[in-house]
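Enquirer: For what it's worth, the UniProt record's numbering labels the leading residue of the sequence shown as 328, then goes sequentially.
Glycine included, each C-beta is placed from N, C-alpha and C at the ideal position.
If you scroll down you'll find the structure; I have some questions about it.
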Amino acid sequence: AAKAAGRNRVRLFTADLRAAAQHKATVATELRAAVADGQLVLHYHPVLHLPSGRWTGVEALVRWQHPRRGLLAPGEFLPTAAQHDLMTPIARWVLRAATRQAAAWAAAGLRLVTSVNISARDVAAGTLVADVHEALTESGLPPELLVVELAERSVAEDVERTAAQFAELRRTGVEVSIDDFGSGFSSLGQLVAMPAGLLKIDRSLIAYPEGRRSQAAAAIAAVVALAQACGVRTLAEGVETPEQLAMAAELGCTFAQGFHLARPMPAGELAGWLAERAPSAVR
Ligand code: C2E
Ligand code: MG
Ligand code: MG
Ligand code: MG
328 AAKAAGRNRV RLFTADLRAA AQHKATVATE LRAAVADGQL VLHYHPVLHL
378 PSGRWTGVEA LVRWQHPRRG LLAPGEFLPT AAQHDLMTPI ARWVLRAATR
428 QAAAWAAAGL RLVTSVNISA RDVAAGTLVA DVHEALTESG LPPELLVVEL
478 AERSVAEDVE RTAAQFAELR RTGVEVSIDD FGSGFSSLGQ LVAMPAGLLK
528 IDRSLIAYPE GRRSQAAAAI AAVVALAQAC GVRTLAEGVE TPEQLAMAAE
578 LGCTFAQGFH LARPMPAGEL AGWLAERAPS AVR
């Protein structure tokens, strides 16, 4: 009886695995169609320039407007995308949509430096530089209004290849940024050698736990000093309180981003949101 029960468990387990695999395959099929059918949308998260108190940029963040499941966050579908070779088609779509939007804003007199997130898959695919060029050419966006962000842990996957592609992007005038800096336990030596113009200090350092303010401040100050020595600017990400904003400004971060300042929003809401905030009101 025990043996039979064991067999049943194995059978159940196999059935679960099969169901999970089936679900993933369904999601992948739907996602492939979603990219083509215009179900992906971008929300834009404002970036504050601390020295001037001006909103100088936005970060494009992808969402999936799923016909039945509603608006899905990237964490809910990018892992599946990565398993089914869909990262690069998504990156291509995001680059196109974000550059087109930024060019439209610029044409309307709203000059916003727009960031796009890419993945290690895009670097590995070897098509990133060409895809960026194509998006810039199609949209007519000046390259200095585009930033490409790659997470520190993704940089670490292939430092040499990443450095080469970063250098090429920067030669064309596109800025490059290392995202989630301080979360990946990467080699500092390798990071210092990266041709990037911006370090985005990870939320885990900015949103420090209760009672750890001085440790967080020391860590942020160290990153800012390192960045300054390399001629690189810093952005404090995940700013959720006025105290965190003040700390980022005091420690010399150039930019800040976070829910305390703004929530990511659809493109259509951004101009109105900015209009309600005179630069002087920010500080
Ligand atoms: P990220 O690039 O580090 O983006 C910041 C994420 O943190 C966003 O979540 C944003 O909504 C959230 N966030 C910003 N400020 C705060 C804050 O003050 N508190 C908290 N708790 N969260 C904050 P989102 O949009 O869910 O994106 C998650 C990650 O998904 C991004 O992290 C990025 O790695 C990835 N991602 C987003 N869009 C794309 C894309 O178009 N392509 C690729 N390859 N990855 C993307
Ligand atoms: Mg980012
Ligand atoms: Mg980030
Ligand atoms: Mg982050």
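Can you list, in chain order, the stretches of the beta strand (DSSP E) that have 3 or more residues and sit fully within the segment 375–423?
Expert: Runs of the beta strand (DSSP E) inside the segment 375–423: 381–393, 397–399.
Enquirer: For I547, which residues in the same chain have their Cβ closer than 8 angstroms to its Cβ, ignoring the five residues on either side in sequence?
Expert: Counting only Cβ-Cβ distances below 8 angstroms, and skipping sequence neighbours, we find I528, L532, I533, A563, M574, A575, L578, C580.
Enquirer: For the alpha helix (DSSP H) that contains V459, what are its first and last residues?
Expert: It spans 455–466 - the alpha helix (DSSP H) in which V459 sits, taken as one unbroken run.
Enquirer: For the segment 467–533, list the beta strand (DSSP E) runs that are entirely contained and at least 3 residues long, ordered along the chain.
Expert: Listed in chain order, they are 473–478, 502–508, 525–528.
Enquirer: Sorry if obvious, but does the Cβ on E502 come closer than 6 angstroms to a heavy atom of ligand 6?
Expert: Of the ligands one can find in the structure shown, namely ligand 1, ligand 2, ligand 3 and ligand 4, none is ligand 6.
Enquirer: Can you name, in chain order, every residue of its own chain whose Cβ lies under 8 angstroms from the Cβ of S607, other than the five neighbours on each side?
Expert: Any reading at S607 must be qualified, since the residue scores a pLDDT of 46, below 50, and its modelled position is unreliable; the value itself is stated next. Here the set comprises G380.
Enquirer: Assuming A523 contacts S541 (C-beta within less than 8 angstroms), just tell me the rounded distance between them.
Expert: Actually they are not in contact, since the Cβ atoms of A523 and S541 sit about 28 angstroms apart, beyond 8 angstroms.
Enquirer: Quick one: is the Cβ of F586 within less than 6 angstroms of any heavy atom of ligand 1?
Expert: Yes, ligand 1 has a heavy atom inside 6 angstroms of this Cβ.
Enquirer: Do L572 and A554 have their beta-carbon atoms positioned less than 7 angstroms apart in this structure?
Expert: Their beta carbons are not under 7 angstroms apart, which means A554 does not touch L572 by this criterion.
Enquirer: Going by other Cβ atoms of all chains shown within 10 Å of its Cβ, with 16 needed for buried, is R610 buried or exposed?
Expert: Since pLDDT at R610 reaches only 43, below the 50 mark, its modelled position is unreliable, and no value is offered.
Enquirer: Among the residues of its own chain, which have a CB less than 6 angstroms from the CB of S458, if the five just before and after it don't count?
Expert: Reading off the sequence, residue 458 comes out as Asp, not Ser. These residues qualify, in order along the chain: R419, L422.
Enquirer: Between L496, V551, E484, which lies nearest to L463 when the distance is taken from Cα to Cα?
Expert: Comparing Cα positions, the closest option is L496.
Enquirer: Taking its Cβ as the centre, do 16 or more other Cβ atoms sit within 10 Å of A363, making it buried, or is it exposed?
Expert: Answer is exposed; the Cβ neighbour count stays below 16.
Enquirer: Could you check which residue in A602, Q517, R395 has the C-alpha nearest to that of V354?
Expert: It is R395 whose Cα lies nearest to the Cα of V354.
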